[in-house]
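Protein chains: 2
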Amino acid sequence: MILIDYKSRKPIYEQIIDNIKSLIVSGVLQRDEQLPSVRQLAQELAINPNTIQKAYAELERQGVLYSLKGRGSFVGSSLQELRTVQQKELLGQLSDLSAELCSLQVPQQEVCAVVQQVYAEAKEGTAHD
Amino acid sequence: MILIDYKSRKPIYEQIIDNIKSLIVSGVLQRDEQLPSVRQLAQELAINPNTIQKAYAELERQGVLYSLKGRGSFVGSSLQELRTVQQKELLGQLSDLSAELCSLQVPQQEVCAVVQQVYAEAKEGTAHD
DNA sequence: TTATATGTATTATTTCAAATAGTACACTTA
DNA sequence: TAAGTGTACTATTTGAAATAATACATATAA
Chain U
360 MILIDYKSRK PIYEQIIDNI KSLIVSGVLQ RDEQLPSVRQ LAQELAINPN
410 TIQKAYAELE RQGVLYSLKG RGSFVGSSLQ ELRTVQQKEL LGQLSDLSAE
460 LCSLQVPQQE VCAVVQQVYA EAKEGTAHD
Chain A
360 MILIDYKSRK PIYEQIIDNI KSLIVSGVLQ RDEQLPSVRQ LAQELAINPN
410 TIQKAYAELE RQGVLYSLKG RGSFVGSSLQ ELRTVQQKEL LGQLSDLSAE
460 LCSLQVPQQE VCAVVQQVYA EAKEGTAHD
């Protein structure tokens, strides 16, 4: 469900944040659904509970989940809400990347060709769902 | 010439690497041109010479520069060579980013629209050169 | 009520990469 | 010869991340 790459430059708690967001955006976790407890997830991933707590606290700060003392932690964002946020974030990254490609003299049509190919391959892969 | 962001998550020596590559790709530094010495650049940027040495060593490993003991360090890559390498790297990033955008259900046409806008703005900015 | 689970908070310690500090040596050039 | 190069080496410092160990308030099921 959640995979940690210990060799990554990205801190573990950030990987957990990204991972949980992905699960929500992909529909695996739904609004108000309960998340694994801090201690349980820590045991599953074999990492320190404080690291999970740090990830959950940040997710709560972002409104992606909410926590009830004694009860547990729950998804606080709908698929659509979070997807919109993520989309804007990625489009911002795309804008930066496009500017770099432009300054490196990569033709616009070549950029769009890459995009098109990725989308075509994705469509190919999901054709038989 | 070279700017360091001390708040960045990216290590200083990596920022130096990226910075020098940019200077080559933008034509500021030309093939076989001499780079600032390890000690000189360290003084300019007010950082430790060992950090510069680490950046230079990595750049030499990548073939971007070459060093002659007692002489100095020099640009080892042509603008075209390095530009080609950089282009491939960025196109790889674009591929990854497109896949994410696709999985987030962002329409392909919207992606290309962003690309187009960035290119249009760049053209606008360089129209009066 | 009791026991167990939950979130939350706190302090101390460890770990590790990055950066610094200092020195030394071989080479080139003016 | 003197000053400037690259290069190598060891030691130390720094700071974020992660771990370790408790503690406390709350909720829930037995």
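Those sequence lines, one after another, are chains U and A.
When we follow my numbering, the leftmost residue of the first sequence carries the number 360, and every step to the right adds one.
When we follow my numbering, the leftmost residue of the second sequence carries the number 360, and every step to the right adds one.
Where a beta carbon is used, it is the ideal one built from N, C-alpha and C, also for glycine.
Remember, predicted model here, so these are calculated numbers, not experimental data.
Query, Result
"Neighbourhood of residue 419 of chain A by C-beta, 7 Å cutoff - its chain only, sequence neighbours within 5 removed", "425 and 426"
"C-beta atoms of residue 363 of chain U and residue 376 of chain U nearer than 8 Å", "no"
"Residue 417 of chain U: contacting residues in chain A (beta-carbon distance under 8 Å)", "Chain A residues near residue 417 of chain U: none, gap ~16 Å exceeds 8 Å."
"Option in U:368, U:446 and U:414 with minimal Cα separation from residue 396 of chain U", "U:414"
"CA-to-CA distance, residue 380 of chain A to residue 400 of chain A, given in whole angstroms", "15 Å"
"Between the CA atoms of residue 471 of chain U and residue 481 of chain A - distance to the nearest angstrom", "16 Å"
"Straight-line gap, residue 485 of chain U to residue 450 of chain A (C-alpha atoms, nearest Å)", "24 Å"
"Burial state of residue 367 of chain U, where buried means 16 or more other Cβ atoms lie within 10 Å", "exposed"
"Spatial neighbours of residue 382 of chain U in its chain, beta-carbon cut-off 6 Å, leaving aside the 5 residues before and after", "388"
"Extent of the continuous beta strand (DSSP E) to which residue 426 of chain U belongs", "424–427"
"Check whether residue 423 of chain A and residue 394 of chain A have beta carbons under 8 Å apart", "no"
"Supposed contact pair residue 474 of chain U and residue 457 of chain A - C-beta distance, whole angstroms, cut 8 Å", "5 Å"
"Separation of residue 402 of chain A from residue 409 of chain A, as counted between CA atoms", "12 Å"
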